[in-house]
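Q:
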Amino acid sequence: MEVYLDNSATTKVRPEVLKQMIDIDENFYGNPSSLHRMGFQIEKKIREARKSAARIIKAGDEEIYFTGGGTESNNIALTGHLANVGKMHNANVVTTKIEHPSVYNVLMHFKDKVEVRFAKLDCMGKIDLKNLEKIVDKNTVLVSVMHVNNEIGIVQELGKIAEIVKSKNKVAKIHVDAVQSYGKIIIDVTRTPVDTISFSSHKIHGPKGVGGLFIRSGVRLSPIAFGGGQEKSVRPGTENTPGIIGFGEACNLVYANFNEENQKLNELKKIYAKKLSEEIKDIKINSSLGTDGAPHILNVSFKNIRGEVLVHYLEQSGIYVSTGSACSSRAKNNRILEAINLDREYIGGTIRISLGYFNNFDEVEYVVGNIKQSVDDIRKIMK
Amino acid sequence: MYNIVAASFGEIFLKGKNRGTFENKLIKQIRLALKDFRDITIYKDSGKVFVKTENEDNMDGIIEKIRKVFGIVTISPSIKIEKDPEAIIVKSIELFKYLKDKKAFSTFKVKTTRSDKSFPIKSMEFNAEVGGRILDVFNDVTVDVHNPDIMIYIDIKKGCYISSEKIKTAGGMPVGSCGKALLLLSGGIDSSVAGYMMAKRGIEISALYFHTYPFTSERANEKVRQLKEILEEYCGKIRLFSINIIEVHKAIKKFCREEETTILARRFMMRIAERIAMENNMEMLITGESLGQVASQTMKSMIVIGNAVNMPILKPLVGMDKSEIIERARKIGTYETSILPYDDCCSVFAPDHPLINPKLESILKSESNLNVDELIEKAYSTLEIL
Chain A
319 MEVYLDNSAT TKVRPEVLKQ MIDIDENFYG NPSSLHRMGF QIEKKIREAR KSAARIIKAG
379 DEEIYFTGGG TESNNIALTG HLANVGKMHN ANVVTTKIEH PSVYNVLMHF KDKVEVRFAK
439 LDCMGKIDLK NLEKIVDKNT VLVSVMHVNN EIGIVQELGK IAEIVKSKNK VAKIHVDAVQ
499 SYGKIIIDVT RTPVDTISFS SHKIHGPKGV GGLFIRSGVR LSPIAFGGGQ EKSVRPGTEN
559 TPGIIGFGEA CNLVYANFNE ENQKLNELKK IYAKKLSEEI KDIKINSSLG TDGAPHILNV
619 SFKNIRGEVL VHYLEQSGIY VSTGSACSSR AKNNRILEAI NLDREYIGGT IRISLGYFNN
679 FDEVEYVVGN IKQSVDDIRK IMK
Chain B
1083 MYNIVAASFG EIFLKGKNRG TFENKLIKQI RLALKDFRDI TIYKDSGKVF VKTENEDNMD
1143 GIIEKIRKVF GIVTISPSIK IEKDPEAIIV KSIELFKYLK DKKAFSTFKV KTTRSDKSFP
1203 IKSMEFNAEV GGRILDVFND VTVDVHNPDI MIYIDIKKGC YISSEKIKTA GGMPVGSCGK
1263 ALLLLSGGID SSVAGYMMAK RGIEISALYF HTYPFTSERA NEKVRQLKEI LEEYCGKIRL
1323 FSINIIEVHK AIKKFCREEE TTILARRFMM RIAERIAMEN NMEMLITGES LGQVASQTMK
1383 SMIVIGNAVN MPILKPLVGM DKSEIIERAR KIGTYETSIL PYDDCCSVFA PDHPLINPKL
1443 ESILKSESNL NVDELIEKAY STLEIL
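The listed protein sequences derive, respectively, from chains A and B. Going left to right, the first sequence walks through residues 319 to 701 as this note's numbering numbers them. Going left to right, the second sequence walks through residues 1083 to 1468 as this note's numbering numbers them.
1) Measure from the C-beta of A/T627 to each C-beta in chain B and report whether the shortest distance is under 7 Å.
2) So what does DSSP say about A/G611, is it helix, strand or coil?
3) What residue range is occupied by the uninterrupted alpha helix (DSSP H) comprising A/I360?
4) I need the straight-line Cα distance from B/L1114 to A/Y684, nearest angstrom please.
5) Report the CB separation of A/A657 from A/G471 in whole angstroms; it is logged as a contact under 8 Å.
6) Roughly how many whole angstroms lie between the Cα atoms of A/G561 and A/K491?
7) Going along the chain, which residues of the segment 1275 to 1300 of chain B sit with their C-beta nearer than 9 Å to a C-beta in chain A?
8) Does the beta carbon of A/Y631 come closer than 7 Å to any beta carbon on chain B?
9) Going by Cα to Cα distance, which pick from B/K1184, B/A1169, B/V1330, B/R1215 is closest to B/K1191?
10) When the cut-off is 7 Å and only beta carbons count, does A/I601 lie next to chain B?
11) Hey, which unbroken runs of the beta strand (DSSP E) at 3 residues or more fall wholly within the segment 502 to 590 of chain A?
12) Does the beta carbon of B/K1305 come closer than 7 Å to any beta carbon on chain A?
13) Please classify B/G1370 as buried or exposed, where buried requires at least 16 other C-beta atoms within 10 Å of its C-beta.
14) Alpha carbon to alpha carbon, what distance is there between B/K1248 and B/M1393?
15) Look at the alpha carbon of A/L531 and the alpha carbon of A/K376, and state the distance between them as a whole number of angstroms.
16) Can you pull the DSSP bridge partners for B/A1088?
17) Enumerate in chain order the residues of its own chain whose CB-to-CB distance from B/R1357 is below 8 Å, with the five nearest sequence positions on each side excluded.
18) Compute the Euclidean distance between the alpha carbons of A/L447 and A/I482, then round it to the nearest angstrom.
19) Quick one: what does DSSP say B/K1165 is sitting in, helix, strand or coil?
20) Comparing C-alpha positions only, which one of B/D1272, B/T1464, B/A1169, B/V1227 sits nearest to B/C1062?
21) For chain B, find out if any of its Cβ atoms is closer than 7 Å to the Cβ of A/I699; answer yes or no.
22) Give a yes or no on whether 7 Å exceeds the smallest Cβ distance from B/K1460 to chain A.
23) Output the boundary residues of the beta strand (DSSP E) element that contains B/S1205.
24) How about the segment 1327 to 1338 of chain B and the segment 1443 to 1453 of chain B: do they share at least three Cβ pairs that are nearer than 8 Å?
25) Find the nearest neighbour of A/V693 within the set A/N467, A/Y664, A/V528, judged by alpha-carbon distance.
26) Does the distance from the C-beta atom of B/I1161 to that of B/V1087 stay below 7 Å?
27) Using 8 Å as the Cβ pair cut-off and three pairs as the minimum, do the segment 377 to 389 of chain A and the segment 580 to 592 of chain A touch?
28) Once DSSP output is grouped into helix, strand and coil, what is the label at B/K1250?
29) How far does the beta strand (DSSP E) with A/E433 in it extend, from its first residue to its last?
30) What does the alpha-carbon distance come out to for the pair A/C645 and A/R624?
31) Does DSSP put A/H493 in a helix, a strand or coil?
32) Does the separation of the CB atoms of B/L1373 and B/A1355 fall below 7 Å?
33) So A/Q338 packs on A/I563, CB below 8 Å; how close in whole Å?
34) Compute the Euclidean distance between the alpha carbons of B/Y1417 and B/N1303, then round it to the nearest angstrom.
35) Is A/A372 near A/I382, with beta carbons less than 7 Å apart?
36) Check each candidate in B/T1123, B/I1234, B/V1225 and name the one with the smallest Cα separation from B/I1171.
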C-alpha cells in the first residue's frame, strides 16, 4: 500500500490535469506568440487558464502572471518591489523569521540597502499584531508574510495584517507568499489590500515548473529578467504552455470543490491528530486544529525519536511523510519549532503529515498503526 | 602533433621473472581505464606500453585517464615514426618548432635511447647529428647538456618514438599484481584513501559497506557508490558489498553497556568482513584507521577490535595525520563526496562517552551476553552487491 502524505512538498498530478497537458503537447504545440492559427489557439487556452487561476483569489485576469513556480514568483515580486529603493532612503522591510528561503534569502540580498525587520511571533507561530503595528513605520517600503507556514500550517491573519500595515503607511507594499494556502484557504483580493501574491501549481495537483504571481492593477515591479515581452514582460520567455494549461485545469478542479475538498482534508487532519494522540504516548500536536490551522498540514512531535529515522521506517511500508526538522542538531535553526516553544526532547522527533486530494479515510488506520509501531521500535533502540 | 602515449613502468622492472605477468596486468588496467575511447591500440614495445590513437584530439583525454593507472611512473606524449634517420631528424625539427611556438626557450638537449642495436647510428652520435640539424634551422637556441630548458627524447625500440616531456603519474604497482583484499568502506574521508593506497600497491580491492537502514538513509548508500566509482578510476572495477547491521546494534543496545557500543559493533564488522573476504578468495582486510584519531582507533581499541578476526588487517593510514589524509583525499578526488552530510552508521549509534582503553576481558564478557553467531548470520543474510 502506498500512502503519500507529503503534499506540502509536492503533489501528484491529477489525471484530468495530465490529460490536458498531453493534449497541448500533442495537438496545440504551437508558440502562443506565433501569428498563425495554432499560435492563436494556444493563446486562447492560456487566457482561459489565467481566468481559472484568477478566480481562486477573486483577482482580475489581467492581474495574474504565469511564472516558473513559487520561488520565481517570490523573487520577481520582492526584487521588483525593492530594486528601485535607493540606499539613502533609510527604508525598511518587515517580515518574519519563518519565511521560505525564496523570501528570506531575497530579502537578505537587499540587506545593505534596506533594514530588514522581523515581526515577533506568538507561541502559535502567528505574527504578533501589536508588535507588527509597532515596527511598521513611515519608512517601511515592503511587508512580506507567508500566509500559511509550510511546516506547522499556521494561518496568518492576512486581513488584519494588511489593515495594520496600510493604516500605518499607505504606500508600503504588501507581498504574500501563498504557496501553501492557494486553493486551501480563501483569499479575496477585493477585500484584502495586498499588492502581490505568489502561488504554485504543483502544490494543488498541477505540474511542477509553473506558478503564478498576482500583481494588483497599478502596482509596478522592476523587471528581473528581460526578453520578448511575454507575460507583459513580468516573466519573459516562451510560455510553458502544457504547464500553464495543466495549472489552469488544476485550478478549475480546486474551484469546483473548494469547500468540500478542504473540509475533507480538515476532517482527515483532525482524525490523524486524534488517533495518533490516542495511540502513542509522549506526543505533541504542533499544528492548530482550529480555524487558524491549514486544513492539510499536521505537524507532530514524538519524544525521544529522530524524525528522519521515522521517515525511513515509514517508507518501508510505502508511507511518505517528511521531517519537521532534518535532525536534532539542525533543529537549533528551526525557527518555527523554536517559536512555538517545543521542548528539546521533542524537537528532533518531528514529522509533518501533509494531505492532498488523493488521501482518504481508509488509509488512517494503516498509517497510524505503522507510525505507532515504528515509534515504539525506534524508542526501544534509541533510548 | 602527438599521436601516441608512451607509458614507463616503475618497480615492475624489479620483479624479474614475474615481469610478464605484471605487464599484462598493467595493460589490462590501461585497457579498462580507456574503455570509453575508440580507435586506440595498446601494445608493448621493449619495456614500455604504448597507446596509439587515430584521433589526436583524444590525446589529452587519454593522458588524463592513464595518469591514474597504478604501475605507470611517467607518460610521454610522443610521435611514432619509421626508423629512418632522416625521417627522425625531420620530425624532430618539426616537434622542436611546435614546442617553440608554444613557449619560448633558449637551450635544449637531445637524448637518444637505442634498445634496438640494429639501428645504424650510435646514440651519442645521433644526439650530435639531430642537435646539429636543429641548430642549423634555429639560430636563437643553444645546446645545454646539463640544464636544458627542453629535452628532445628519441627512443629507438621496435618502433621509433620522439617526445619532449615525461609526465609524472600515479606510480605504484599494477592493480591485481599483489593479491586481493576487502576494504571496509564507510563513506567518510579515511577509508576511501586507505583503499586508494593499497590499490596503489597492487591490491585488487573489493569494498564492504555497513549501514543501519532505516536508521540511515538510502542516500547514504548512494554516496558510498559514488565513492566507489571515483576509486574505480584508479583501482579498476570494485565489487561493493553492503550489509545491514541494524540487528547487531539493536542487540548491543539491549544487552551491553552504551560506552562499549562502538568497539562491539566494530568487532562484528570485522568478523562479517572476514567471512565475506574468505568466501571471495580475498586474503586481507583494509581499514582507514589512523592511530588515535577517534576512541575506537586508540592502540587498545585496535587491539581489541583486531582480536575478533584472524585475517591480517592492513591500515595504510595508521601513521598519518588527519590533515594529511584530507590532503590525499582531495588529490584523489573523494573528499567532496566524503563530506556530504548523510548519517553513516557511526553517528546514529555513537555513544556519548565511548571507551578509549577497552579491556579485552570485559568486552569478551559483554559479548557473551550476545548470540554472536546468530547475529552474524542475521546480518549476513542482508548481503547485497551494490
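The beta-carbon is built from N, C-alpha and C at its ideal position, and this holds for glycine as well.
A: Quick answer:
1) Correcting the residue type first, residue 627 of chain A is Val in the shown sequence and not Thr. Chain B contact via Cβ: present.
2) strand
3) 355 to 374
4) 51 Å
5) The pair is not a contact, with the Cβ atoms about 14 Å apart (cut-off 8 Å).
6) 29 Å
7) Y1295, P1296, F1297, T1298, S1299, E1300
8) yes
9) B/R1215
10) no
11) 514 to 518, 529 to 533
12) no
13) buried
14) 41 Å
15) 13 Å
16) B/F1132, B/S1158
17) I1458, Y1462
18) 8 Å
19) coil
20) Past the boundaries of the shown model lies residue 1062 of chain B; chain B is included only from 1083 to 1468, so the question cannot be answered.
21) yes
22) no
23) Careful: B/S1205 lies outside any beta strand (DSSP E), inside the alpha helix (DSSP H) at 1205 to 1219.
24) yes
25) A/Y664
26) no
27) no
28) strand
29) 433 to 436
30) Because A/C645 carries a pLDDT of 41, less than 50, the predicted location of this residue cannot be relied on, and the following value inherits that uncertainty. If I take the Cα positions, the gap works out to 7 Å.
31) strand
32) no
33) 5 Å
34) 16 Å
35) yes
36) B/I1234
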